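Following: one structure in structure tokens, then a few remarks.
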Amino acid sequence: MFISMDDQEKPLAPATKPDLPPLTVDEALSTELRNRHKGFRNRTLCCGITAATILIISVVMLVLGFTIFHIKNPKITMNSVSIIGLDRVNSPSQLTGNLTNLTVVADVSVKNSNVAAFRFERSNSSLLYHDTVVGVADIPGGVAKARRTVRLNVTFEVAVAEIAGNERFGRDLAAGMLPVESYTRIDGRVKILSFIKKKVTVTMNCSIAVNVTSREIVNQGCKKHVSI
């Protein structure tokens with residue numbers, strides 16, 4: 001059979017899409033509503049996930065704020081007091097002799113219950129006898145580490161002349177009791193991470209009664225106050 005070149009090179013007819021009937025108004029409206037509903041559902045889902053994430057983060061931060069990140073007030077305590085030189089004082093006349101000073105040593109502790117260190121500044125403590133300051137002690141600055149207690153020896157050099165010059169001193173010696181008071185103030189701060197900070201001022205007022213004969217502390221009471 002003879003096949004002509006025209007029949008061999010005849011190109012195929014291009015494929016044509018079948019003609020689709022045009023959408024009716026109801027079908028077009030239905031399609032538009034489906035698209036809008038799909039977009040609304042996606043936006044609602046996205047907003048819901050975002051809101052849930054924010055809520056979870058807020059709850060976690062709130063729990064941490066009341067537990068780990070909650071800043072607790074440091075506590076200051078006077079553990080003991082000792083008076084050096086009191087054994088040489090048995091009468092008012094001895095105070096006008098060679099004895100010029102008494103040394104009072106107070107053992108003070110600062111307890112820090114936080115998860116971060118409590119850094120306190122240099123301060124001082126005053127010793128009073130019947131509302132008159134008779135000695136001042138320097139308290140060096142320092143650090144109470146996280147959940148630790150630091151102990152300080154606060155040393156007063158008491159001016160005996162200030163005590164002997166008080167009209168009540170003779171009566172106190174006759175009664176065998178020497179009442180003194182101390183006032184201590186410590187300023188510091190607690191810092192957790194870089195955004196949780198609190199400045200704290202701790203004050204302590206102590207009333208101390210010393211037995212002149214036994215030279216022992218027979219009564220001691222302290223009132224503490226923390227301000228932010």
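full-length UniProt numbering applies: residue 1 is where the sequence shown begins, and numbers increase by one.
Glycine is no exception: its CB is placed at the ideal position from the N, C-alpha and C atoms.
What you are looking at is a predicted structure, and each value in this text was computed from that prediction instead of being measured.
Can you say whether residue i is buried or exposed, counting buried as having 16 or more other CB atoms within 10 angstroms of its CB?
| i | result |
| --- | --- |
| residue 152 | buried |
| residue 52 | exposed |
| residue 136 | exposed |
| residue 45 | exposed |
| residue 175 | exposed |
| residue 218 | exposed |
| residue 214 | exposed |
| residue 96 | Residue placement at residue 96 cannot be trusted, given a pLDDT of 49 that sits under 50; what the coordinates show is reported in the next sentence. Exposed is the call here. |
| residue 125 | buried |
| residue 172 | buried |
| residue 23 | At residue 23 the pLDDT is 48, less than 50, meaning the model places this residue with poor confidence; the figure from the coordinates comes in the next sentence. So residue 23 ends up on the exposed side. |
| residue 133 | exposed |
| residue 56 | exposed |
| residue 49 | exposed |
| residue 228 | exposed |
| residue 1 | Note that residue 1 scores a pLDDT of 47, beneath 50, so its modelled location is shaky; the value from the coordinates is reported in the next line. Exposed. |
Please report how far the alpha carbon of residue i lies from the alpha carbon of residue j, in whole angstroms.
| i | j | result |
| --- | --- | --- |
| residue 216 | residue 82 | 8 Å |
| residue 111 | residue 161 | 36 Å |
| residue 233 | residue 74 | Residue numbering for the chain in the displayed model covers 1 to 228; residue 233 lies beyond these limits and cannot be assessed. |
| residue 202 | residue 170 | 35 Å |
| residue 66 | residue 212 | Because residue 66 sits at a pLDDT of 47, beneath the cut-off of 50, its placement in the model cannot be relied upon, and the point is left open. |
| residue 141 | residue 54 | 42 Å |
| residue 144 | residue 119 | 6 Å |
| residue 117 | residue 76 | 15 Å |
| residue 121 | residue 79 | 21 Å |
| residue 189 | residue 43 | 46 Å |
| residue 197 | residue 226 | 16 Å |
Could you give the first and the last residue of the continuous alpha helix (DSSP H) run that contains residue i?
| i | result |
| --- | --- |
| residue 137 | Taken as a continuous stretch (DSSP letters only), residue 137 belongs to no alpha helix (DSSP H), being part of the beta strand (DSSP E) at 132-139. |
| residue 164 | 160-164 |
Out of the options, which has the shortest C-alpha to C-alpha gap to residue i?
| i | options | result |
| --- | --- | --- |
| residue 199 | 136, 210 and 187 | 187 |
| residue 205 | 49, 138, 127 and 142 | 127 |
| residue 166 | 219, 131 and 139 | 131 |
| residue 183 | 222, 119 and 113 | 222 |
| residue 113 | 154, 138 and 146 | 146 |
| residue 158 | 119, 171, 106 and 214 | 106 |
| residue 209 | 123, 138, 178 and 185 | 178 |
| residue 115 | 72, 141 and 220 | 72 |
| residue 224 | 154, 108 and 163 | 108 |
| residue 138 | 149, 148 and 155 | 155 |
| residue 129 | 76, 226, 119 and 207 | 207 |
| residue 123 | 226, 189, 185 and 41 | 185 |
| residue 103 | 84, 119, 80 and 150 | 84 |
| residue 101 | 220, 163, 41 and 181 | 163 |
| residue 181 | 149, 220, 197 and 41 | 220 |
So residue i is in the beta strand (DSSP E); what residue range does that whole segment cover?
| i | result |
| --- | --- |
| residue 227 | 216-227 |
| residue 115 | That residue, residue 115, is in no beta strand (DSSP E); it is neither H nor E in DSSP. |
| residue 144 | 142-144 |
| residue 72 | No beta strand (DSSP E) contains residue 72, which DSSP labels as neither H nor E. |
Check the Cβ-Cβ distances between residue i and every residue of chain E, and say whether any is below 9 Å.
| i | result |
| --- | --- |
| residue 143 | Structure shown: chain E not included; a single protein chain is present. |
Checklist entry - Which runs of the beta strand (DSSP E) spanning at least 3 residues fall entirely within the region 170-213, listed in chain order? => result Restricted to the region 170-213, the beta strand (DSSP E) segments that are unbroken, complete and at least 3 residues in length are 177-192 and 196-211, listed in chain order.
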